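Undergrad: So that we are looking at the same thing, I have put the structure below in structure tokens.
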Amino acid sequence: MTLAASLLSGDRLSLARVLTQVENDTPVGRQILDELFPHAGKAHRIGITGAPGTGKSSLVNQLARHYRHTVDGSNPYRVAIVAVDPTSPFTGGAILGDRVRMRDLAGDPGVFIRSMASRGSLGGLAATTAAVVQVFDAAGFDVILIETVGAGQAEVDIARLAHTTLVVETPGLGDDIQAIKAGILEIADVLVINKADQPGAEAAERALRNMLEMNHPANGTGFWLPPVLGTVATEGRGVQELAAVIARHQEFLRQTGGWHVRERFLLQTEMETILHAELVSRWRAAFPEDAYRKILSDLVERRISPYQAVERLLS
Ligand SMILES: Nc1nc2c(ncn2[C@@H]2O[C@H](COP(=O)(O)OP(=O)(O)OP(=O)(O)O)[C@@H](O)[C@H]2O)c(=O)[nH]1
Ligand SMILES: [Mg+2]
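Take the sequence shown: its position 222, counting from 1, is numbered 221 in numbering that gives the first Met the number 0, and each next residue is one higher.
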């Protein structure tokens, strides 16, 4: 049996092997991705993003437990967790911490956890994450939880992989609400104020709700006004409600056609990212090295500008 076939039959070891090939972007990994592609496209991808330490992993742990036990006792969802840290080139401390926070899930054959860190380019990380998510999807996981740290462009790119994006904040943002990056609010389908056991949770919820309502004036049908929810991830408080809101969002996407729009946008982005990379590397391989160096030194000596350099490279 091929590696792809045994992954499709549900073998965990094959899944782990495939993930390694895909993360390292090997020729075997690419071939397997091709084989798996027609089998993907069913999972609900849920992104969990927010600043360091807001409680994302604790929430992911609680959501996973919910999907394993509460949704339907006789037929629980299979849950994949992808933890991505664009700020760290190492799979170091944060991920060791995650092992502790997610230990409730250890040994459950219906849960698979994969941690990834940045190795070089951030664009590359989004592409690798997309590929890893495709693998889990093809492997038949019903829900894929994608945790990313931070609030920069890399996180936004990774968050776009999700159908439903949760942005996690904590109380105490209070007066400092402007500090929330507009970009991160734009990607939020649900806003979670975690650590609601700490002072200022209600004020933060109110402030965020006002801000969202101002940004979504046309609050009629066909619009999704991101709900704001308080949670205490360490105790599991609010998790049931959060899961209900996530299910409502999935239903909303299906009914409005938004699901299809997101899929299309995602696949187009993925295709174009690959196209850019391939065009450049094929062109570069075909371009004579000494001519390239000559243009580069003209540029460095300021005989030509960067635009002129590119004009010459392409003419
Ligand atoms: N008081 C309180 N503490 C919490 C809550 N949720 C998480 N914590 C604590 O906050 C700390 C960070 O939690 P994590 O779940 O690791 O947060 P994270 O956002 O995944 O952190 P990074 O991945 O490092 O960005 C831990 O010590 C948790 O126990 C909560 O609802 N209330
Ligand atoms: Mg974490």
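C-beta: ideal position from N, C-alpha, C; glycine also. Just so we're clear, the structure is a prediction, and the values are computed from it rather than from any experiment.
Taking buried to mean at least 16 other C-beta atoms within 10 Å of its own C-beta, is histidine 259 buried or exposed?
TA: Exposed, by the Cβ-count rule.
Undergrad: At what residue ranges does the region 244-291 contain a whole run of the alpha helix (DSSP H), taking only runs of 4 or more?
TA: 257-285
Undergrad: Taking 8 angstroms as the threshold, find out whether the region 42-51 comes into contact with the region 141-160 through three or more Cβ pairs.
TA: Touching, yes, given that three or more Cβ pairs across the two stretches are closer than 8 angstroms.
Undergrad: Please look up how many angstroms separate the CB atoms of proline 51 and valine 148, rounded, as I've assumed it's under 8 angstroms.
TA: 5 angstroms
Undergrad: Could you check what DSSP says for arginine 113 in three-state terms: helix, strand or coil?
TA: strand
Undergrad: When DSSP builds the beta bridges, which residues end up paired with threonine 48?
TA: Thr147 and Val166
Undergrad: So, under 8 angstroms CB-CB, leucine 211 and proline 225 are touching, yes? Tell me the CB distance rounded to an integer number of Å.
TA: In this structure leucine 211 is in contact with proline 225, their Cβ atoms being roughly 6 angstroms apart against a cut-off of 8 angstroms.
Undergrad: Alpha carbon to alpha carbon, what distance is there between alanine 158 and methionine 213?
TA: 23 angstroms
Undergrad: Leaving out five residues before and five after alanine 308 in sequence, what residues of the same chain have Cβ atoms less than 6 angstroms from its Cβ?
TA: Ile294 and Leu298
Undergrad: Could you pull the start and end residues of the beta strand (DSSP E) that isoleucine 80 belongs to?
TA: 78-84
Undergrad: Once the 5 residues before and after leucine 14 are set aside, which same chain residues still bring their CB inside 6 angstroms of it?
TA: Leu6 and Ala138
Undergrad: Using a threshold of 8 angstroms, is the CB atom of alanine 82 nearer than that to any non-hydrogen atom of ligand 2?
TA: yes
Undergrad: Express the C-alpha separation of alanine 3 and arginine 11 in angstroms, rounding to a whole number.
TA: In this model, arginine 11 and alanine 3 are separated by some 12 angstroms (Cα to Cα).
Undergrad: Return the CA-CA distance between glutamine 133 and glutamate 300, expressed in angstroms with no decimal places.
TA: 46 angstroms
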